[in-house]
Each structure stands twice: as C-alpha cells, then as structure tokens.
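Listed in order, the protein sequences are those of chains F and B. Position one of the first sequence corresponds to residue 10 (the working numbering), numbered consecutively onward. Position one of the second sequence corresponds to residue 3 (the working numbering), numbered consecutively onward. Built from N, CA and C at the ideal position, the CB exists for glycine as well. Before any comments, here is the structure.
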Amino acid sequence: MKILALHPDKCTGCLRCELACSYMQTGSYQPSKSVIRVSPLEGYTSYAPYTCTQCMEGWCMTACPVGAIRITAAGAKDVMDDTCVGCKLCTIACPYGTMFYDADTQKAYKCNLCGGAPACADACPTQAITFEDVESADWIGDFAAERTAYVLRRDGARAGVA
Amino acid sequence: MARHLIIGGGTAGLNCIRTIREEEAEPSEVTLVSAERPYSRMVLPYYLGRSIAESHVFTATPASLAAWKVKSLLGRRVTRLDPGSHAATLDDGATVEFDDCLIATGSRAAKPPVPGVDGPGVHCFWTLDEARAVVAGVTPGSRVVMVGAGFIAFTILNAILSRGASLTIVEVAPRILPRMVDAECASIVERWLTARGVVLRTGATLTAIEEARGKRRLSFRSGSPLLADVVIMATGIRTNLEWLEGSGIETSTEPGGGIVVDDRLRSSAKSVYAAGDVARGRNLLTGALEVHAIEPTAQEHGRVVGANMAGRDVAYRGSLVMNIVEVAHLDVASFGQWEDPAAEVYTALRPERSQYRKLLFHGGRLTGAVICGPASDIWTTNDVGMLKGLVSSGVDLAGWKAHLERNPFDVKPAFLATRTVSQLLPETVLGRPSHSPQLPQSVVMK
Chain F
10 MKILALHPDK
20 CTGCLRCELA
30 CSYMQTGSYQ
40 PSKSVIRVSP
50 LEGYTSYAPY
60 TCTQCMEGWC
70 MTACPVGAIR
80 ITAAGAKDVM
90 DDTCVGCKLC
100 TIACPYGTMF
110 YDADTQKAYK
120 CNLCGGAPAC
130 ADACPTQAIT
140 FEDVESADWI
150 GDFAAERTAY
160 VLRRDGARAG
170 VA
Chain B
3 MARHLIIGGG
13 TAGLNCIRTI
23 REEEAEPSEV
33 TLVSAERPYS
43 RMVLPYYLGR
53 SIAESHVFTA
63 TPASLAAWKV
73 KSLLGRRVTR
83 LDPGSHAATL
93 DDGATVEFDD
103 CLIATGSRAA
113 KPPVPGVDGP
123 GVHCFWTLDE
133 ARAVVAGVTP
143 GSRVVMVGAG
153 FIAFTILNAI
163 LSRGASLTIV
173 EVAPRILPRM
183 VDAECASIVE
193 RWLTARGVVL
203 RTGATLTAIE
213 EARGKRRLSF
223 RSGSPLLADV
233 VIMATGIRTN
243 LEWLEGSGIE
253 TSTEPGGGIV
263 VDDRLRSSAK
273 SVYAAGDVAR
283 GRNLLTGALE
293 VHAIEPTAQE
303 HGRVVGANMA
313 GRDVAYRGSL
323 VMNIVEVAHL
333 DVASFGQWED
343 PAAEVYTALR
353 PERSQYRKLL
363 FHGGRLTGAV
373 ICGPASDIWT
383 TNDVGMLKGL
393 VSSGVDLAGW
403 KAHLERNPFD
413 VKPAFLATRT
423 VSQLLPETVL
433 GRPSHSPQLP
443 QSVVMK
C-alpha cells in the first residue's frame, strides 16, 4: 500500500503541506486544522513534518465505540462523519498523537491519505513528503534525535552539568 | 462445531464475537445472552444532548447479529453457571451448553444508602433505560442536581448544559474528580466550570431526598438544602457478579473485586474467560491485578478473549488506565499511575490559560500523566496521544528529563527524538494488523 514517506532533512518549514492539507480536509486554508504538522526542532532552524503512520493496530479504529473509523479503499483509517459522535476516545487511544478533533463540527478527524492522492505530498516543493509504496517507518526519529541534541546540551549547561 | 457462549452484549462481548469471526479457521456456534440489546454506553451522553438519535446508540441489531451468525438471546440473563458441566442456566429456565464461555456482564450504577434515592425524579445515568428517563426529565429551564463529581458525572455535564438546564454538582469528597486527576488539576476545572455557571458544592454529604411539591429536596449533613426538578446519582458503579455465586469461579476480595484472570483472560475455570469491568486483569505498567472499568480495557480484553476462543494463543500485555473528558470545552485527561507518591513528579501550570501538565517518572520511564487545557488548543489533543505513547511504550526518557522538568508542555520533541514511533509501530494487541470494524468476509462467504 502507498503511504506518506517523510524526509525531514528536505523540509524547509514552508508549511505549504499544512495549507494544502487543511484545504483538502476542511475546505478552507486553515493550517490549524491540518492533520500533517511541521514541527520546529533545534531552536527553530530544523523542521520536520509529522502525520499518521496508518499503523497496523489502528488504535483509533479499534477504540472507537461506534465503529466510526474504517479502512478505506486507499488503505487509510478514516473517520465516518455520520457515525462519529465526537467522544474523543480515539484521541486518547492513538499513541502517536495524530488524531484531531474539530471543535466546529464536533467530530474527530485524521489523515485519510486524501483518498489516495495526498495533497501534502503534492504541495511539498522539496519532496520532503512523498507518497510511496513502502513500509511505515519512524521517519523523524533519527533526525529529531540529532537536531535536538543541542537543546539537551543547553539544558544540561544551564543546570550546571557539562 | 465449537460452541462459544458470550454473556453480556457490551463492548467486551461484541469485540469478542467480532474477533472470533475474524480469527476462526472453522465455523463455530456463537450464542449471546444479553439482558439488553447491545448499545454503546460511551455515546449515551450524546443521546442525552440530542446530538444523536436514540437509534445511533445501538452497536448491534437483531439483523446484524444474524448476519454474524450469532444466536442471540436478548432480554435474558444467566442465573447460574456450572463450569464443570459446561452449562449455563437462564432466567427463563433454559440451559445453554458451551465449550468455552465469556463473562462480560459489566457494571451497574451504585447508589449510596440514603433515604429517597429510589424515589421519583431521581435517576442514575448508566443504562439506556436510565438515559431515556433522564432525557425525558431534563428540559430547558429545569434544575438538575447531580450527586457525584467523578468521571461519569462529567461525561454528561455538556449534555445537561446544552439542554438549557441549570446544573449543581454536589460531591462528598473535598474536591471534584477525586479518582481521575490531582487536586491542582481539579481546581482548574472547578474555576472553569464555575465561570460557566455550574454550581459546585464539594465536601457535601447527602442525607436525604424528599418530595416537595413536585420537586426533589436534597438535604445535607451541613449547609442548606437544594431543590431540584431532576436528581442524577453519579455515585459510582458496582460489578455485576452476584449471579456467579456458587459457580466456583474465583473472585477477588481485594478492593474493586472482580474475577481473577490470567494473561489469556482465563478465570480459575479453564473454559471460562472474563473481560471488561468484571475482570481483574494485569495492569500494563505495574503488572498488578486490577479492575479497570474503562472502555479501552473492555475492548482489548474482548478481542484477546475472542482470539483465544478461536484457537489462537494470544497473551495480553495488560491495560493502561486512561480517562478523557471534555467539560464545557476544557479537555481533562489522565494516564497510568498519575497518583504515585514514589514517583518523581514534574508539574507546570498556566492558570491564565487553564493549562496544566503533570508528568510522573520512575527513572527514565514515564509512568503517569495528567493533562488539562482548552479543547480549542490543538496541542492539548496531540499531546494527549503522545503521552499515551510514551507511557505505554516505556521508552527511556532519561536524556529528556531535565528538559521536561523545565517545560512539561514540550512533549513532542521528546516523543520524536526518543524514537517512540519506532517502538510503537510493531505493537498490536492481537499480533496482526487490525481489521476494519465491518463484517469480515469469511462470515459473508460461509
């Protein structure tokens, strides 16, 4: 199955993915409603996009008390709006922190791979987000570990530990 | 053909049935005995708030159960279980024989022994029937008094307010949410609710409820009485296990009780499993046997039992205590061992933004968390998930503790940089990818 592969070393922090995502998901350009999130690391000079891995367990899907989260034809776990009651159980069940809740519609929502043509990958000018037939992976971990080393060293220095 | 008997049609029972159908190599006979038609207790508050119709609460219909090839005996209760002869006796005298059996009879609302709690206009909010009575009673302008300020009470708070009723919550403990969050978090929630017109009265011991000219008059050990159109008793739950007496199934005499189960969710009788609120199973973090009367535990228990009944050998890692509730657009959540005097504790409070975080560590391991913040703040929602990931995966955060002590709000970089995602990706409850919740193809084909 094709999934979103993330290449943080190519991310410039331009946030086009968030704009494109929010437009696809909600119909308006509202980065605060994007389900892909670009995080600054290392004192705001390194950036990394982060979104749902479409994990094997599907913690959100198995947690939903009314079966509102299903696997779509594109292989993504997606929230069925007419079934979701907005109880937020999925937001506490997802250990990745990639479930979202829309206070306007009072429904949960998440990355659904845009039905098989993800807008974020399309919008990314540097191919930091690609849509590929690969295994899900921890795309960000090594990059984040390397780039946050400075933050941790600074913390240590302030605490008086070399 | 193997014969599976499922007693109880709640979350644990239905997840067990679905998993049997997903996993089994050979068709089996599944019988469901349930006192009620299956529905989701989690969504009853949304029915009370009228954001969904009553029909939306049902998790199975006679037609869907028939499609799953389940022989359903709805409206029936098991009155006697005899594991030795593999037989159950129902309240209509019928006998059901089984090869293995799941006890998933859940809990019921418990009321304190106070005069008047069974009178008219005094309701619990636990079953669908009780919800119907509350729906009929709570109307715009009505005065509602809720007795109990725990998780259950808070799940229906929004619905009562959205119906245009006025709400007073009384609690015997000195603060609200005593078993879900710590005192500091509770005080934020108290301020938030008071500012939104909810009247809170803590440290109040109810002594009687009397009829007073068509209204309910609540008296307390100290302080003035309260008048109410509707009284909702949210004073705790009790497991439905009395019917098991004489079965020989081992139940615990420790606080919380419950059927003692092993890591396959088997009771002291090899052919009998227990799941959900009635099961005293493994705590993921401590390994101790505990009753976790929460939806996620019922769901995971039910699936593990279903897989084992279908012939697989699936061990359960244990369940994580977690609760989340949104009250008047404030998110409140807790995970794991959030009240632990032996833990190293970091807290941060932003009173002007109603934000609170509490992180509890044992060495480099995060073992508990409390989170509170406005629901409009997306980071609250995302952090809730990441904190669950950190607690459940047990990644080593030793290198990040100094940073998190300085800023307990900055969870995401710690979550990413400790490669928590790589820890989580292979994790599944059943050792395989989960299926979509629709009917598995195997049942459709057979």
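Residues of the stretch 99 to 129 of chain B in Cβ contact with chain F at a cutoff of 8 Å, in chain order, please. none
At which residues does the beta strand (DSSP E) containing Y110 of chain F begin and terminate? 109 to 111
Can you check whether the C-beta of G375 of chain B is within less than 7 Å of a C-beta belonging to chain F? no
Mind pulling the beta strand (DSSP E) runs of 3 or more residues that sit fully within the stretch 22 to 51 of chain B? 31 to 36
Euclidean distance between Cα positions of K448 of chain B and D279 of chain B: With a pLDDT of only 48 at K448 of chain B, under 50, the local geometry of the prediction cannot be trusted, and the value read off the model is given with reservation. Going by the C-alpha atoms only, they are around 33 Å apart.
Spatial distance of C126 of chain B from G238 of chain B (CA atoms): 10 Å
Using DSSP's beta-bridge definition, name the partner residues of S357 of chain B. The residue asked about is misnamed: residue 357 of chain B is Gln in this sequence, not Ser. DSSP lists B:R352 as partners of Q357 of chain B.
Hey, would you say A167 of chain B sits closer than 7 Å to R177 of chain B, going by beta carbons? no
What's the gap between the Cα of P74 of chain F and the Cα of M324 of chain B? 15 Å
How is F100 of chain B classed by DSSP in three states: helix, strand or coil? coil
Rounded C-alpha distance that separates K119 of chain F from T383 of chain B: 12 Å
What three-state label does DSSP hand G304 of chain B in the structure shown? helix
Just to confirm the assignment, what range does the alpha helix (DSSP H) spanning L389 of chain B have? 380 to 395
Pick from B:A65, B:E38, B:I261, B:T157: whose alpha carbon is nearest that of R327 of chain B? The amino acid at residue 327 of chain B is misidentified as Arg; the sequence shows Val. That would be B:T157, whose Cα lies nearest to the Cα of V327 of chain B.
Which residues mark the beginning and the end of the beta strand (DSSP E) in which P58 of chain F is found? 55 to 59
From the DSSP output, in three-state form, read off M324 of chain B for me. strand
Indicate whether at least one CB of chain B lies closer than 7 Å to the CB of M10 of chain F. no
Cα separation between I138 of chain F and V160 of chain F? 25 Å
Measure the beta-carbon distance from A277 of chain B to L104 of chain B and round it to whole angstroms, keeping in mind my assumption that it falls under 8 Å. 6 Å
Nearest-angstrom Cα separation, counted from Q425 of chain B out to S394 of chain B: 10 Å
Select from the stretch 152 to 172 of chain B all residues with a C-beta closer than 7 Å to any C-beta belonging to chain F, and list them in chain order. none
Strictly under 7 Å for the Cβ-Cβ distance: is K360 of chain B near chain F by that measure? no
Contacts around P376 of chain B, its chain only, beta-carbon distance under 8 Å, and the 5 residues preceding and following it disregarded: H331, L332, D333, R355, S356, Q357, T382
Nearest-angstrom Cα separation, counted from I296 of chain B out to A171 of chain F: Residue placement at A171 of chain F is flagged as unreliable, the pLDDT there being 42, under the threshold of 50; a coordinate-derived value is accordingly withheld.
Between the stretch 116 to 142 of chain F and chain B, which residues of the former have a C-beta closer than 7 Å to a C-beta of the latter? none
Taking a cut of 8 Å between CB atoms, which residues from the stretch 40 to 69 of chain F lie near chain B? S41, R46, S48, L50, A57, Y59, T62, C64, M65, E66, G67
Which two residues bound the contiguous beta strand (DSSP E) that contains G283 of chain B? 281 to 284
Residues of chain B with CB closer than 7 Å to the CB of A24 of chain F, please, in chain order. Residue identity check: residue 24 of chain F is Leu in the sequence provided, not Ala. Correct list: empty, because the minimum Cβ distance to chain B is about 15 Å.
Taking the alpha-carbon of V59 of chain B as reference, which of B:G283, B:R219, B:A133, B:S109 has the nearest alpha-carbon? B:A133
Would you call the stretch 300 to 316 of chain B and the stretch 243 to 253 of chain B in contact, with 3 or more CB pairs under 8 Å? no
Among residues of its own chain, excluding the 5 on either side of G320 of chain B, which ones have a beta-carbon nearer than 6 Å to its beta-carbon? R284, N285, L286
Cα-Cα separation, S48 of chain F to K390 of chain B: 19 Å
For T91 of chain B versus T81 of chain B, is the C-beta distance shorter than 7 Å? yes
Identify whether K448 of chain B lies in helix, strand or coil by the three-state DSSP scheme. Note on K448 of chain B: pLDDT 48, under 50, position unreliable in the model; the coordinate value appears next. If DSSP states are grouped into helix, strand and coil, K448 of chain B belongs with coil.
Going along the stretch 78 to 93 of chain F in order, which residues come within less than 7 Å of chain B, judged by CB to CB distance? R79, I80
Chain-ordered neighbours of Y318 of chain B on chain F, where CB pairs are closer than 8 Å: Correct list: empty, because the minimum Cβ distance to chain F is about 14 Å.
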